[in-house]
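Worksheet for the structure shown next.
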Amino acid sequence: MEWTSASEIGRLVRNGERSALSIVEAALTRIKSVDKTLNAFTDVVAERARATASAVDRARNEGLILGPLAGVPFAVKNLFDVEGLPTRAGSKINRKHAPAKRDATLVERLEAAGAVLIGALNMGEYAYDFTGENVHDGNAHNPHDPSHMTGGSSSGSGGAVAGGLVPLALGSDTNGSIRVPSSFCGIFGLKPTYGRLSRARSFPFVASFDHLGPFARTTKDLALAYDVMQGPDTDDAACADRPAEATLPSLSHGVEGLRIAVAGGYFRKGASAETREAMEVVTKALGITREIEIPEAERARSAAYVITATEGAALHLERLRKQARDFDPAVRDRLLAGAIVPAAIVNRAQKFRRWYREQVLKLFGEVDIIIAPATSCTAPKIGQQTFVLDGVEMALRPNIGVYTQPISFIGLPVVAAPIPLSPLPIAVQIIAAPWREDLALRVAETLEQAGVAVAPRPKI
Amino acid sequence: MTRRPQKPRPRSLPSRKTRKPAKAVKRAKPAQRIKPGRRAKAAAAPLDDFIVAGASTLGLTIDKAWMPAVQSHLEVTLRHGASVMAFALPDEAEPAPVFKA
Chain A
248 MEWTSASEIG RLVRNGERSA LSIVEAALTR IKSVDKTLNA FTDVVAERAR ATASAVDRAR
308 NEGLILGPLA GVPFAVKNLF DVEGLPTRAG SKINRKHAPA KRDATLVERL EAAGAVLIGA
368 LNMGEYAYDF TGENVHDGNA HNPHDPSHMT GGSSSGSGGA VAGGLVPLAL GSDTNGSIRV
428 PSSFCGIFGL KPTYGRLSRA RSFPFVASFD HLGPFARTTK DLALAYDVMQ GPDTDDAACA
488 DRPAEATLPS LSHGVEGLRI AVAGGYFRKG ASAETREAME VVTKALGITR EIEIPEAERA
548 RSAAYVITAT EGAALHLERL RKQARDFDPA VRDRLLAGAI VPAAIVNRAQ KFRRWYREQV
608 LKLFGEVDII IAPATSCTAP KIGQQTFVLD GVEMALRPNI GVYTQPISFI GLPVVAAPIP
668 LSPLPIAVQI IAAPWREDLA LRVAETLEQA GVAVAPRPKI
Chain B
-11 MTRRPQKPRP RSLPSRKTRK PAKAVKRAKP AQRIKPGRRA KAAAAPLDDF IVAGASTLGL
49 TIDKAWMPAV QSHLEVTLRH GASVMAFALP DEAEPAPVFK A
């Protein structure tokens, strides 16, 4: 069952061909054997999962209508509140917090659709990470080659889905933390429009940019999960007061009539041979002939960098004062630097952000979808400190998100679609205008049906 | 009140009136070169002072061993900041998060 999709599990459970409990037991067994290698899970809530699954089975036996995700095991990055667990957010400090009293909104919504929470997942400390390395909980390992990074900061989410431990996981994306692990682990990920999915009862990082979203091994599973999680939530000030807009009904409508372009300029700089190959494969498959330049993308990345450093530092200031030694040094030193950046620079970055948004939205008058690389390389080796980007050797950790940051900076919806290159996969970003997740998912589904975007099965 | 944003111009460019003719610029003596190590030290010292003063103001304690990494991160962040500051925007430009009552 490890490679069965969420939509297929839901069908099997609804039809009574499999019990939800048997699905959950199979997932727990696989986690026990494979997670020794992957280190994707930090908490497994086996008893809770068994109880939830049994409730799903009981509901079916009583003739109740089950949700689309009935019996689907899922797990969440450990910055989501899970009732009864301290929300550690990848840190040593937060694990001493009191256990959460209530699940995060998105956990509640997935369970309301029949899904079964099975555990919490490893992540980079306080989400300030692109590598998947964690000094407190150990590094997450890439299922395609455990000596390589999963990417971060939703490292366990990437490893758990790619490794067949769960068909569905949730993560967060501030600057690329859904799209980077999707790329390195070869799975599908959706970073929705800023404000689309509630962040209530999740631990923040940079409120201006924080998004939550799903990971899966198929586009259909992404759409299923996304559809049941939408809707306003007064518990999140940034959550849009906007009704749910289902994407599943139009998923198989194809790309006919869609105006699709590839991102040129900045998004061609620094690309490895693998990145270029993935872009060529997708460009050819979609018959794209148009290249478009996202204006000032490099400066947008700079502005995102500044806002991240300073908002992140402001969030953690008290902890930096009192518990600096309890941080991962790689995170602490970046936050300390961010704390003392002059406010005028931050203000200008926020002004630039509005200007940049207006320019990029104009592009969506000309095209519906922009394709860009997700990462400039495939998964680096764990422990690697530097990489070569555009001919310059630079620190790896802060620079993996060069292609993702200019997009999340203005909250555009993006599907990361995996291209199964050998030996390691890599993803492309399918970028749409705000609130048009349906279009990005349609393009991903088209690529998946054509066999171009596929989540490869690792040999573990 | 919306004014068209101007294209970014390098801040260091002198105005037309004060700009030297091209020849003069060519003939100007190159600035005295500092050896790379010394230059790094010279640049690092004021930044170190800034870090110490900033940290102290905010009640942060920075261990001496952490300073090279903090300084390096700050340099990178300020470099990104300089790129943002070099982009001309009108005074009326609103920052992205605008409070609505």
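Those sequence lines, one after another, are chains A and B. Under this note's numbering, the first sequence has 417 at position 170, and the numbering climbs by one with no breaks. Under this note's numbering, the second sequence has 23 at position 35, and the numbering climbs by one with no breaks. We put the CB at the ideal spot given by N, CA and C, even for glycine. Note that the structure is a prediction, hence the values are computed from the model and not measured.
In the DSSP assignment, His563/A falls within the alpha helix (DSSP H) that extends over Ala544 to Gln570.
The way I'd put it, the stretch 36 to 47 of chain B does touch the stretch 578 to 590 of chain A; three or more beta-carbon pairs between them come closer than 8 Å. Secondary structure within the stretch 467 to 536 of chain A: the beta strand (DSSP E) runs of 3 or more consecutive residues, fully enclosed, are 507 to 510 (chain order). From the beta-carbon of Phe435/A, no residue of chain B is found nearer than 9 Å; the closest lies around 29 Å away. In chain order, Leu46, Gly47 and Leu48 make up the part of chain B whose C-beta sits under 9 Å from the C-beta of Leu564/A.
Distance from Leu610/A to Ile535/A at the Cβ level is roughly 15 Å; contact not present, criterion being Cβ atoms closer than 8 Å. Counting other Cβ atoms within 10 Å of its Cβ, Lys467/A reaches 16 or more and is therefore classed as buried.
At a cut-off of 9 Å, the C-beta of Ala296/A has no neighbouring C-beta in chain B. Using beta-carbon distances, Glu545/A counts as an interface residue toward chain B, with a partner under 9 Å. A straight line joining the alpha-carbon of Ala664/A with that of Ala691/A spans about 6 Å.
Sorting Ile666/A, Ser445/A and Asp637/A by C-alpha distance to the C-alpha of Leu353/A places Ser445/A at the top. When the five nearest sequence neighbours on each side are left out, the beta carbons in the same chain lying within less than 6 Å of the beta carbon of Asp376/A are those of Gly399 and Ser400, in order along the chain. Look at Ala84/B: its C-beta is under 9 Å from a C-beta on chain A.
Taking a beta-carbon distance threshold of 9 Å, Asp37/B does not count as an interface residue toward chain A.
Per DSSP, Met641/A is one residue of the beta strand (DSSP E) stretching across Val639 to Ala642. If you compare the alpha carbons of Leu459/A, His458/A and Tyr473/A with that of Thr465/A, the shortest gap goes to Tyr473/A. Under the 9 Å criterion on CB atoms, Ala89/B is classed as non-interfacial with respect to chain A.
In terms of beta-carbon proximity, Ala81/B lines the interface with chain A, with at least one pair separated by less than 9 Å.
Taking 9 Å as the CB threshold, Ala57/B lines the interface with chain A. For Pro665/A, the enclosing beta strand (DSSP E) starts and ends at Val661 to Ile666. It is roughly 11 Å from the alpha-carbon of Thr251/A to the alpha-carbon of Pro320/A.
Sorting Val271/A, Asp392/A and Met248/A by C-alpha distance to the C-alpha of Lys628/A places Asp392/A at the top. Scanning its chain for C-beta atoms nearer than 6 Å, with the 5 sequence neighbours on each side dropped, one finds around Glu545/A the residues Tyr513, in chain order. Counting other Cβ atoms within 10 Å of its Cβ, Arg489/A stays below 16 and is therefore classed as exposed. For the stretch 581 to 592 of chain A, the set of residues with a beta-carbon nearer than 7 Å to any beta-carbon of chain B comprises Arg581, Leu583, Ala584, Gly585, Ala586, Ile587, Val588 and Ile592, in chain order. With a cut-off of 8 Å on Cβ pairs, the stretch 477 to 491 of chain A is not in contact with the stretch 517 to 528 of chain A, counting fewer than three such pairs.
The contact set of Val649/A on chain B, defined by CB atoms closer than 8 Å, is empty, because the minimum CB distance reaches about 12 Å. Under the three-pair Cβ rule at 8 Å, the stretch 69 to 76 of chain B counts as touching the stretch 593 to 600 of chain A.
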